[in-house]
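Working notes for the structure below.
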Amino acid sequence: MELTVQSITEFQMVLGFSKRDPGSEQGVPDLYCMTGFLPQIRIRTYFDLVHLNAQSIYLERTPGKLKSFLQGAALEPEQAQHFEMIFLPFYTNRSLILHDLYLADEKPDCSLGAEVEPIVDELGQLKMKDWSGKTGSADELVQYLRKEAEAGPAADFGPEYSVYGGYKSISFEPTGYFRVVQHDGRSWLVDPDGYAFYSKGLDVVAPQDGA
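Per the working numbering, residue 34 is the first one in the sequence shown, and the count goes up by one each step.
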């Protein structure tokens, strides 16, 4: 199944396949593919119907399409009586242009056109958005990092911890770099001074979570 889309804003959607017909009570599709697209770019992509067998989780990447994953129960192609495109809730309005959608025997050429311009700047920041704290230039970033480096030695997490917050009770060879160490069948995050540390942070915040 081939489709050409142009996401005007950030966009995620679900391609759903079900045994039910469009007139039936519709809940979660029997099998669905969660996917997304880079904004403001006309993107050619496809969903290989072989994946109706539900034997894959992460699907093929094509230029402009974000990581796509599959969930649900396997279907024979002839069982898929209903196809739908479901647009997920978001914190702001979103727009998508669907240029075409059809079945084909061959995979399409998904390369991006030569006219496509980068959507991020030299620092990897999205060009189409501004926010508080967005770095204005490479020079500004260098100055910020220098201040961080100067402030580093003054960090104090207590006598049991390194200047990076690592546990002094669990030590490895210091290398001057953050790295992963395999030891006694376990993987450890290790700071530049050679001390193991634990890292945690936000993963996903969705609009319906009330976060």
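C-beta: ideal position from N, C-alpha, C; glycine also.
Every value quoted in this text rests on a predicted model; they were computed, and no experiment measured them.
For Glu35, the closest alpha carbon among the candidates Tyr177, Val47 and Glu139 is that of Glu139. Going by C-alpha positions, Arg127 is about 33 angstroms away from Glu111.
For Ser170 and Leu92, the gap between their C-alpha atoms comes out near 36 angstroms.
At a Cβ-Cβ threshold of 9 angstroms, Phe205 and Tyr228 count as neighbours. Bounds of the alpha helix (DSSP H) holding Tyr177 are Ala171 to Ala184. Annotated as distal: Ala106 and Gln88, with beta-carbon spacing of 9 angstroms or more. Take the alpha-carbon of His115 and the one of Leu136: they are about 14 angstroms apart.
One thing to note: Ile130 has its Cβ no nearer than 9 angstroms to the Cβ of Val61. Within its own chain, the residues whose Cβ lies closer than 7 angstroms to the Cβ of Gly185, once the five positions on either side in sequence are excluded, are Val196, listed in chain order. Within the same chain, Val213 come within 6 angstroms of Ser220 by CB-CB distance, once the 5 residues on both sides are set aside.
Assignment of Glu43 by DSSP, reduced to helix, strand and coil, places it in the coil class. Rounded to the nearest angstrom, the gap between the Cα atoms of Glu155 and Met161 is 14 angstroms. Non-local C-beta neighbours of Gln45 in its own chain, meaning closer than 6 angstroms and more than five positions away in sequence, comprise Gly69 and Leu121, ordered along the chain. Only exposed fits Val238, as fewer than 16 other CB atoms lie within 10 angstroms of its CB. Residues Phe70, Pro72 and Leu129 of the same chain have their beta carbon placed closer than 6 angstroms to that of Ser40, with the five preceding and five following residues left out of the count.
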